[in-house]
Amino acid sequence: MSVFVFGHRNPDTDAICSAIAYADLLQKTTRPDAVAACCGPPNKRTEYVLERTGLAAPRIIMDVRPAAEDLCRQAVVTASFGESFHEVYRRMQAHDLRAIPVVDADRRVEGVLSVLDVMGLFFQNDNDPVKSRTVATCLEKINDSLGGGFQHVVDPLRRDELMVMVGAMSAEGFTERMKRLPAERLLVVCGDRPTIHLPAIEHGVRVLVITGGFTLSSGLVELAKLRGVSVVTSPFDTLNTVLRIRSAQFIDPVVDRDVRIARSTALLQRTRG
Numbered sequence: 002m003s004v005f006v007f008g009h010r011n012p013d014t015d016a017i018c019s020a021i022a023y024a025d026l027l028q029k030t031t032r033p034d035a036v037a038a039c040c041g042p043p044n045k046r047t048e049y050v051l052e053r054t055g056l057a058a059p060r061i062i063m064d065v066r067p068a069a070e071d072l073c074r075q076a077v078v079t080a081s082f083g084e085s086f087h088e089v090y091r092r093m094q095a096h097d098l099r100a101i102p103v104v105d106a107d108r109r110v111e112g113v114l115s116v117l118d119v120m121g122l123f124f125q126n127d128n129d130p131v132k133s134r135t136v137a138t139c140l141e142k143i144n145d146s147l148g149g150g151f152q153h154v155v156d157p158l159r160r161d162e163l164m165v166m167v168g169a170m171s172a173e174g175f176t177e178r179m180k181r182l183p184a185e186r187l188l189v190v191c192g193d194r195p196t197i198h199l200p201a202i203e204h205g206v207r208v209l210v211i212t213g214g215f216t217l218s219s220g221l222v223e224l225a226k227l228r229g230v231s232v233v234t235s236p237f238d239t240l241n242t243v244l245r246i247r248s249a250q251f252i253d254p255v256v257d258r259d260v261r262i263a264r265s266t267a268l269l270q271r272t273r274g
């Protein structure tokens, strides 16, 4: 933000000359962003002095009350609908932001997302055992949040509402529970457990996530291709894999769309009111 240097309120010769001189001193010492300013156009006598000395007239500023543009960042960091919590939160961390504007394809502000709003993705519907493990995302976002890879993928950009199921029980118990749920919505997470991999693939789940840096055997990969099952590998253990899958959710449901838009010239006092 620039520092504006004024002489006094009346834009006469001594006010304008002192503003120019002191702004020049600041520019050469501690404040290179100093700008000479005045509260009105110079009179004829002052114009003559400026012309004889070859100096430019100071910037005319009639109102020094702070406006929105004085507070706002010029290089705006934004988020977009369709981005994941993982993407947006990393961006907010990188720029030390507690909130971020959400814009449409034409860069128009459509809402605001705060850190608290983002955390709502993790705890929404936490009293419902089914909805609490449902994630609205796509396979591409899941793979990005895991930093893993696809052994096989079907329609990675398709938006899905996936139900996360962890293969952390006996194969018999897992298979029994899995068959009660719609295969096209199931996201199965497990480590190096072929006794879980096989029934999940045979059931035709949407995606199988293999944790711990393990991979699916070549035979099971071929079966997954036949059954249309996507396979993602994760370098993390099962717990951290599930957390990162939850972070792959789209931000759309928690964006605060009830926002007031102010012009850059709007006075802060009125904007806050």
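Numbers given in this note's numbering equal positions in the sequence shown, counted from 1, plus 1. Positions of the beta carbon are idealized from the N, C-alpha and C atoms, including for glycine.
Judged by their CB atoms, ALA225 and HIS153 are nearer to each other than the 7 Å cut-off.
Annotation for LEU147: SER235 and ARG245 place their beta carbon closer than 6 Å to its own, counting only its chain and skipping 5 residues before and after. In the DSSP assignment, GLN94 falls outside any beta strand (DSSP E) and lies within the alpha helix (DSSP H) extending over 86 to 95.
Linking VAL232 to ILE101 through their CA atoms gives a straight-line distance of about 33 Å. ASP107 and SER81 have their alpha carbons spaced roughly 11 Å apart.
Within a 10 Å sphere around the beta-carbon of HIS96 sit fewer than 16 other beta-carbons, which makes this residue exposed. Pairing SER3 with LEU158, the inter-Cα distance amounts to about 45 Å. By the criterion of a C-beta distance shorter than 6 Å, GLU141 is surrounded in its chain by PRO157 and LEU158, once the five residues flanking it on both sides are discounted.
One Cα belongs to ILE62, the other to LEU269, and the distance between them is close to 17 Å. In the structure shown, THR234 adopts extended strand secondary structure according to DSSP, grouped into three states.
Collapsing the DSSP output to three states places ILE61 in a strand.
Inclusion of CYS39 and ILE17 in the CB contact set at 7 Å is warranted, their separation being smaller than that value. Under DSSP, THR216 shares a beta bridge with no residue. Take ASP105, set aside five residues on each side of it, and the residues of its chain with a beta-carbon closer than 8 Å to its own are SER81, PHE82 and GLU111, in chain order. Under the three-state reduction of DSSP, PRO102 is assigned to strand. Selection ASP193, GLY214, GLY213 and LEU187 evaluated against ALA201 yields LEU187 as nearest (Cα-Cα).
Between the beta-carbon of ASP257 and that of VAL113 there is about 5 Å, and that keeps the pair under the 8 Å contact cut. Across the structure, GLY214 and THR196 are spaced so that their CA atoms are roughly 18 Å apart. Beta-bridge pairing by DSSP links ASP257 to VAL113. For HIS9, no beta strand (DSSP E) run applies, since DSSP gives it neither H nor E. Unbroken beta strand (DSSP E) stretches of 3 residues or longer found wholly inside the stretch 124 to 172: 135 to 138, 150 to 153 and 161 to 167, given in chain order.
In the three-state reduction of the DSSP assignment, LEU56 falls in the coil class, being assigned neither a helical nor a strand state.
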